[in-house]
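Below is one structure, written out as structure tokens; comments come after it.
Number of protein chains: 2
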Amino acid sequence: MTDVYFDRIALIGIGLIGSSIARAVKAKGLAGTVAISSRSRETLARARKLDLGTEYIHEAGKAVEGADLVIISVPVGASGKVAEEIAPYLKPGAIVTDVGSTKGSVVAQMLPHMPKGVHFIPGHPIAGTEHSGPDAGFAELFQGRWCILTPIQGTDKDAKHRLAAFWRALGSRVDEMDAEHHDKVLAIVSHLPHIIAYNIVGTADDLETVTESEVIKYSASGFRDFTRLAASDPTMWRDVCLHNKDAILEMLARFSEDLAYLQRAIRWGDGEKLFNLFTRTRAIRRSIIDAGQDTSAPNFGRPLDAGQED
Amino acid sequence: MTDVYFDRIALIGIGLIGSSIARAVKAKGLAGTVAISSRSRETLARARKLDLGTEYIHEAGKAVEGADLVIISVPVGASGKVAEEIAPYLKPGAIVTDVGSTKGSVVAQMLPHMPKGVHFIPGHPIAGTEHSGPDAGFAELFQGRWCILTPIQGTDKDAKHRLAAFWRALGSRVDEMDAEHHDKVLAIVSHLPHIIAYNIVGTADDLETVTESEVIKYSASGFRDFTRLAASDPTMWRDVCLHNKDAILEMLARFSEDLAYLQRAIRWGDGEKLFNLFTRTRAIRRSIIDAGQDTSAPNFGRPLDAGQED
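Residue numbers (our numbering), protein chains in the order written: chain H, 1 to 310; chain W, 1001 to 1310.
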């Protein structure tokens, strides 16, 4: 029994993130009982088949009964409903957390439902892949990635430390900031990139002069990188856009402003300006690799024959 | 001796692409002599050290003397100068090709210098990585990728077939189209993605409210994907922007139009519109994987511990 052992963990939602947590908890022996709940009976059956937990319960309320740690891994637009549903069943002293990509909205939705004596500590593991659903998870997903906690003022220190220790046990490094700042940071590092990726793939899809088959065949020249993000779960990303609107609109405005400046340099053939813009971005790539957040292998270390036809 | 053996190949420019060709030619035994030329003496010395060819000649003109196949792999803005320089030394019957990312401009720059009896056939292998220079090349770079030839009207069929066979011997598949269409296709699949990537990395770098250290730490949530393209060679990309201006400006206009539409959906909370936009892009990713142009492994198959600290 480690320092971060919980008698009963309830996982509400068992997609990519929920099922990765389940797998890691099992691999590291962090819990006695792991109760898994999903509003989709199909997903729940799949989780059982994959042997992700120890109990499979359709009703979220029943799943959280007696749990010491409750982790909500649902699209952020569903957080309020889940909070309302589980509130009457939460055990005093339980830690309730989530993994949502927006934090201001999640706090606004969930906090009003949280009973006294329950430790509600919002969280967000900065990890994922373009795949979704319980089959997509894997125990090592959080290894070396950051998890951001956005505790509300007055949060119990012991509870916070237990939750941070839990994420560390999953391989994460843990940071803390307020929800508003989190939402600004994520708007630029995650939400804007996804929106831009979805957009450029849409633009390519709409062309009359270039066929879809050409876009696909020649995608290795850059385009294919964007299609990975644009293959992410549409429900999750719809909710992110709806629930981090202000920060996203600010980042979009800045992006468009910068793009107009770059476009003007192209139109007027300002080679020096273009060269300078294209030079300074190299340093950031280098820093990301040095910080352990990406690989230096060419093309992300893609297999050389990346799915070749033969 | 295979069907595509050349007595003497001259490689003008020995960066990522040139040095990958050199390595592949050597690995497959496609040439007797491989003369390598670079206007940078440092690069040429490095090529010699790496043992990429059989002769190392600073002057491009001397390098092409007696060559049956001349491949020019320089930033597209330098094509005209190279063409002028080598023209007097080209052997009648020689094939001259290039690997530039824009084709209309390369034809306009090079064609006027090409002597009668020389087969000038512009080309563009759709392959690369974010790394540059002679050390970055590898023999398998063209494996499974497309190479587009944009022959000028009246091009000798035998010469074209020899060049296509050469690319096939390097592992490429070969396509043919006119230069104007090539430039439109590449504007969407390659030039726009790179420009957008450079731009978003610049936008992130300029924020006052989010620190650079935060951008780097949390980059695994999407941003890091863009930094790879934005780490590409600035000279090459300055030249692409200057030499495919019209097609790029058209794609940028379409992209911005689509982004304004998406932005409006976010501002007005139109969840259905967002969901639809985010759904249709998944199919393209699937097609790219099915066509052998990307891997289905999560996160491009990045190592799980992607460059973790310690």
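Every residue, glycine too, gets a C-beta built ideally from N, C-alpha and C.
| Item | Value |
| --- | --- |
| Distance check for Arg228 (chain H) and Gln1143 (chain W), CA to CA, integer angstroms please. | 21 Å |
| Does any residue of chain H have a CB that is nearer than 8 Å to the CB of Ile1021 (chain W)? | no |
| How is Asp7 (chain H) classed by DSSP in three states: helix, strand or coil? | strand |
| Rounded to whole angstroms, what's the CA-CA distance from Ala1283 (chain W) to Glu1272 (chain W)? Just pull it up for me. | 18 Å |
| Check each candidate in H:Leu52, H:Ile86 and H:Val74 and name the one with the smallest Cα separation from Glu65 (chain H). | H:Ile86 |
| Are His243 (chain H) and Gly1222 (chain W) touching if we call contact CB-CB under 8 Å? | no |
| Please name the residue, chosen from W:Val1099, W:Met1177, W:Ile1288 and W:Asp1068, that lies closest to Pro1075 (chain W) on a Cα-to-Cα basis. | W:Val1099 |
| Does any C-beta atom of chain W lie closer than 8 Å to the C-beta of Ile12 (chain H)? | no |
| Is any beta-carbon of chain W found at less than 8 Å from that of Gln308 (chain H)? | Reliability of the predicted coordinates at Gln308 (chain H) is poor, the pLDDT of 41 falling under 50, and the value obtained from them is presented with this limitation in mind. By this cut-off, Gln308 (chain H) is an interface position. |
| Check whether the Cβ of Val201 (chain H) lies closer than 8 Å to any Cβ atom in chain W. | yes |
| Assess contact between the segment 1038-1055 of chain W and the segment 1104-1117 of chain W, defined as three or more Cβ pairs (one per stretch) separated by less than 8 Å. Is contact present? | no |
| With burial defined as no fewer than 16 other Cβ atoms inside 10 Å of the residue's Cβ, what is the status of His161 (chain H): buried or exposed? | exposed |
| Do Asp1233 (chain W) and Ser1132 (chain W) come within 8 Å of each other at the CB atom, strictly closer than that value? | yes |
| Just checking, does the segment 2-16 of chain H make contact with the segment 26-46 of chain H on the three C-beta pairs under 8 Å criterion? | yes |
| Kindly say whether Pro1193 (chain W), judged by its beta-carbon, lies nearer than 8 Å to any beta-carbon of chain H. | yes |
| Just checking: is the beta-carbon of Thr235 (chain H) within a distance shorter than 8 Å of some beta-carbon in chain W? | yes |
| CA-CA distance, Leu1277 (chain W) and Ile1095 (chain W)? | 47 Å |
| Less than 8 Å between the CB atoms is what I'm expecting for Phe226 (chain H) and Ala197 (chain H), so what's the real figure, rounded? | 4 Å |
| Does the beta-carbon distance from Ser1105 (chain W) to Arg1145 (chain W) come in below 8 Å? | no |
| Exposed or buried, which one is Lys1157 (chain W) when buried takes at least 16 other CB atoms within 10 Å? | exposed |
| According to DSSP, what are the bridge partners of Gly123 (chain H)? | H:Leu149 |
| What does the Cβ neighbour count give for Thr209 (chain H), buried or exposed, with the cut at 16 atoms within 10 Å? | exposed |
| Considering only residues of the same chain and omitting the five flanking positions on each side of Trp167 (chain H), which have a CB-CB separation below 6 Å? | Cys147 and Val174 |
| Quick check on the DSSP output: what are the complete alpha helix (DSSP H) runs of length 4 or more inside the segment 1034-1070 of chain W, in order along the chain? | 1041-1049 and 1060-1064 |
| Taking Ser20 (chain H) as the reference, give the member of H:Gly128, H:Tyr56, H:Thr102 and H:Phe6 with the closest Cα. | H:Gly128 |
| How long is the line joining the alpha carbons of Tyr1018 (chain W) and Ala24 (chain H), rounded to whole angstroms? | Note that residue 1018 (chain W) is Gly in the sequence shown here, rather than Tyr. Going by the C-alpha atoms only, they are around 46 Å apart. |
| Enumerate in chain order the residues of its own chain whose CB-to-CB distance from Ala297 (chain H) is below 7 Å, with the five nearest sequence positions on each side excluded. | none |
| With DSSP run on the structure shown, which of helix, strand or coil describes Glu1257 (chain W)? | helix |
| Roughly how many whole angstroms lie between the Cα atoms of Gly307 (chain H) and Asn299 (chain H)? | Legend: pLDDT at Gly307 (chain H) = 44, less than 50; position of this residue unreliable, no value from coordinates given. |
| Please go through the same chain and pick out, in chain order, the residues whose beta-carbon is closer than 7 Å to the beta-carbon of Val240 (chain H), but skip the five residues on each side of it. | Val76, Ser101, Thr102 and His191 |
| So which residues on chain H does Tyr1198 (chain W) lean against when the C-beta distance must stay under 7 Å? | Leu277, Phe278 and Thr281 |
| List, in chain order, every chain H residue whose beta-carbon is nearer than 7 Å to that of Ala1220 (chain W). | Ile126, Ala127, Arg145 and Gln293 |
| What are the start and end residues of the alpha helix (DSSP H) that includes Thr209 (chain H)? | From DSSP, Thr209 (chain H) is part of no alpha helix (DSSP H); its letter is neither H nor E. |
| Return the Cβ separation of Arg285 (chain H) and Ala1231 (chain W) in integer angstroms, given the expectation that the two are a contact with Cβ distance under 8 Å. | 4 Å |
| Please give me, in chain order, every unbroken run of the alpha helix (DSSP H) with length at least 4 that falls completely inside the segment 1177-1231 of chain W. | 1179-1186, 1192-1205, 1212-1217 and 1223-1229 |
| Output needed for Gly1117 (chain W): all residues of its chain with C-beta closer than 7 Å, excluding positions within five of it in sequence on either side, in chain order. | Pro1092 and Gly1093 |
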